[in-house]
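Have a look at the structure below before the remarks.
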Amino acid sequence: MVITFTQHWWASYCAAWNSSKRNRIPFGTVGSIKIVVTDQPGANAILTWNEAGRLDISDRSMVPSERSLPAFEAPAMVWSQFVLGDASAARLVIRGKIRFTGSPAFLLTHGPKFDLLGKVGADMLGTAASDA
Numbered sequence: 070m071v072i073t074f075t076q077h078w079w080a081s082y083c084a085a086w087n088s089s090k091r092n093r094i095p096f097g098t099v100g101s102i103k104i105v106v107t108d109q110p111g112a113n114a115i116l117t118w119n120e121a122g123r124l125d126i127s128d129r130s131m132v133p134s135e136r137s138l139p140a141f142e143a144p145a146m147v148w149s150q151f152v153l154g155d156a157s158a159a160r161l162v163i164r165g166k167i168r169f170t171g172s173p174a175f176l177l178t179h180g181p182k183f184d185l186l187g188k189v190g191a192d193m194l195g196t197a198a199s200d201a
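FYI, the numbering for the sequence shown is 70 to 201, going by the working numbering.
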């Protein structure tokens, strides 16, 4: 299954994140990242966590202030595999399926947290494994 990452999907994801019981890892230190869906125009999103770990999502296009954000880029099929729990974030980055642009220190510090993003998406879609 390939997910169509519309702005409505991102808004639903944001609501799912903010109400998820999985949201226990401190994302407040992450700040903002950019998710780029390379084959779905208009599907890009900027994810921003506040200090409490609550998520806000913006669909702003790249503007100079956002070019410095850590960015993760992949086609919808790869993002779908991630969200559906078929592959971990680290595995997809290491194998070159997701292109990361940003500081290696950012990836080393925060990388292990990103699988939670997929788990919340799987919860939202009703495809989560029972590891709650």
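Glycine included, C-beta positions come from ideal geometry on N, C-alpha and C.
Got a sec, what are the start and stop residues for the beta strand (DSSP E) residue i sits in?
i, result
"Lys166", "Here Lys166 belongs to no beta strand (DSSP E), and DSSP marks it neither H nor E."
"Leu124", "124-127"
Does the Cβ of residue i have 16 or more other Cβ atoms within 10 Å, making it buried, or fewer, making it exposed?
i, result
"Ser88", "exposed"
"Ala158", "buried"
"Asp192", "buried"
"Leu177", "exposed"
"Lys103", "buried"
"Gly187", "buried"
"Pro133", "Interpretation of Pro133 is limited by its pLDDT of 46, a score under 50 that renders its predicted location unreliable; the figure taken from the coordinates is listed afterwards. Label assigned to Pro133: exposed."
"Ala174", "exposed"
"Ile163", "exposed"
Could you have a look at residue i and say whether DSSP puts it in helix, strand or coil?
i, result
"Val71", "coil"
"Asp155", "coil"
"Thr117", "strand"
"Val99", "coil"
"Thr178", "helix"
"Ala112", "coil"
Beta carbon of residue i, beta carbon of residue j: below 7 Å?
i, j, result
"Ala114", "Trp148", "no"
"Thr170", "Ala140", "yes"
"Leu124", "Cys83", "yes"
"Val13", "His179", "For the chain, the structure presents residues 70 to 201; residue 13 sits outside this window and is missing."
"Ala143", "Ile167", "yes"
Check for me: the alpha helix (DSSP H) holding residue i runs from which residue to which?
i, result
"Lys188", "184-194"
"Ser88", "76-88"
* contact_flag[the segment 145-159, the segment 118-125] where n(CB pairs < 8 Å) is 3 or more -> no
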